[in-house]
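Numbering (the working numbering), first residue to last: 628 to 688.
This is the structure in structure tokens:
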């Protein structure tokens, strides 16, 4: 499995507690969730590019 995908899964697991804290009323946790989601957005973009590059290299053979 892709390292990028594993990084995404790890990041989601790391922020689960902050998501629960935010919806429990802790507004400071919301800032941490937003920051982590921005990092996830970047990782998702990297994964999309990696998938496309891999697909392209497979069909080019």
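We put the CB at the ideal spot given by N, CA and C, even for glycine.
Going by C-alpha to C-alpha distance, which of 666, 656 and 644 sits closest to residue 634? 666
What residues in its chain sit with their C-beta under 8 Å from that of residue 674, if we drop five residues either side in the sequence? 629, 631, 632 and 635
DSSP three-state label for residue 669, please. helix
Distance, Cα to Cα, residue 671 vs residue 656? 22 Å
What's the C-alpha gap between residue 652 and residue 661? 15 Å
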